[in-house]
């Protein structure tokens, strides 16, 4: 099922059962699957965005480490381990406070990982569990900021010859050292309008675009700008380019 069909299906099936403010016909940002037999409640994309911005909840990515590294919701933790060990890890994350708000997600409506783990956590006594069951496919499709980890950068850079890497540092910083094949796109020039047309692929809007900057906030800033453009496979590195280059040199 392609993402457009997925989004339309999610919207058609959705009714909000948790927040009165969303009781009237929701738009796609406020849609959930409205699962009739769910053991733990869902949240919408709008609510997930609020969690990311405001904090206060522990976000758990229940996918594999490889998937997490390639792109995850900012601030998420990945456990990637056997279920009983994962529950123990969450107990450590919460200092064994089982009233802490936990928000789980995985690979979308048909992925079972977040459903299963949510039930395991509930069985272990956690009482404030939510699932963003629309998951990473819908998060990306609706322009949610996506962070890529070091392992993802390494794998994408070495294996995905179609990926576009944009280095948002100044021309001087870029000239000293950068990722092989990266394109210099100074953020200051983008924001001032000096760069009117970004060097982005127009032959395939699904191609990976990876943003690295002098700071994580620089890269995220452009990622948020691009969230309103057709390119939806955009990720930013959650560290500085200098830090990234140092880590890559050590590996």
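In our numbering, the protein residues as written are 4 to 254. Even for Gly, the Cβ is constructed at its ideal location relative to N, Cα and C.
Can you tell which of the options has its C-alpha closest to the C-alpha of residue i?
i           : options               : result
residue 237 : 61, 246 and 222       : 222
residue 66  : 110, 35 and 32        : 110
residue 120 : 102, 171, 63 and 193  : 63
residue 207 : 98, 182 and 234       : 234
residue 133 : 107, 32 and 163       : 107
residue 49  : 34, 224 and 43        : 34
residue 242 : 71, 250, 218 and 231  : 218
residue 36  : 176, 144 and 138      : 138
residue 72  : 114, 94, 195 and 151  : 151
residue 105 : 177, 84, 193 and 90   : 90
residue 162 : 142, 183 and 176      : 183
residue 250 : 196, 181, 194 and 188 : 181
residue 254 : 153, 196 and 200      : 153
residue 113 : 38, 160 and 194       : 38
residue 130 : 177, 160, 115 and 94  : 94
Less than 8 Å between the C-beta atoms of residue i and residue j, yes or no?
i           : j           : result
residue 74  : residue 147 : no
residue 123 : residue 77  : no
residue 158 : residue 244 : no
residue 46  : residue 135 : yes
residue 58  : residue 101 : no
residue 190 : residue 224 : yes
residue 43  : residue 125 : yes
residue 82  : residue 98  : no
Which same chain residues end up closer than 8 Å to residue i when comparing Cβ atoms and leaving out the 5 residues on each side of it in sequence?
i           : result
residue 167 : 186, 202, 203, 204, 210, 211, 212 and 213
residue 80  : 61, 62, 63, 64 and 96
residue 142 : 48, 51, 76, 108, 135 and 149
residue 192 : 198
residue 84  : 92
residue 116 : 65, 66, 109 and 110
residue 24  : Residue placement at residue 24 cannot be trusted, given a pLDDT of 44 that sits under 50; the coordinates are not used to answer.
Please report the residue range of the alpha helix (DSSP H) in which residue i lies.
i           : result
residue 230 : Looking at the DSSP string, residue 230 is not in any alpha helix (DSSP H), and its letter there is neither H nor E.
residue 1   : Residue numbering for the chain in the displayed model covers 4 to 254; residue 1 lies beyond these limits and cannot be assessed.
residue 177 : 174–179
residue 138 : 138–144
residue 192 : 190–195
residue 126 : 116–126
residue 52  : 48–57
residue 88  : 86–96
residue 201 : It is not in any alpha helix (DSSP H) - residue 201 carries neither H nor E in the DSSP assignment.
residue 69  : 68–73
Between residue i and the rest of its own chain, which residues show a CB-CB distance below 6 Å, the 5 nearest in sequence each way excluded?
i           : result
residue 165 : 210
residue 26  : Reliability of the predicted coordinates at residue 26 is poor, the pLDDT of 42 falling under 50, and the value obtained from them is presented with this limitation in mind. Taken in chain order, the list of residues that qualify is empty.
residue 226 : 148, 214, 237 and 239
residue 52  : none
residue 88  : none
For the beta strand (DSSP E) that residue i lies in, which residues bound it at each end?
i           : result
residue 169 : 167–170
residue 242 : 237–243
residue 210 : Looking at the DSSP string, residue 210 is not in any beta strand (DSSP E), and its letter there is neither H nor E.
residue 133 : 132–135
residue 107 : 105–108
residue 64  : 61–64
Can you give the beta carbon distance from residue i to residue j, rounded, assuming they're within the 8 Å contact cut?
i           : j           : result
residue 247 : residue 240 : 6 Å
With a threshold of 7 Å on Cβ separation, who are the neighbours of residue i within its own chain once the five nearest residues in sequence on each side are excluded?
i           : result
residue 231 : 146
residue 216 : 171, 172, 190, 222 and 244
residue 252 : none
For the ligand SAM, any of its heavy atoms closer than 7 Å to the Cβ of residue i?
i          : result
residue 98 : This structure does not include the ligand SAM; it has no bound ligands of any sort.
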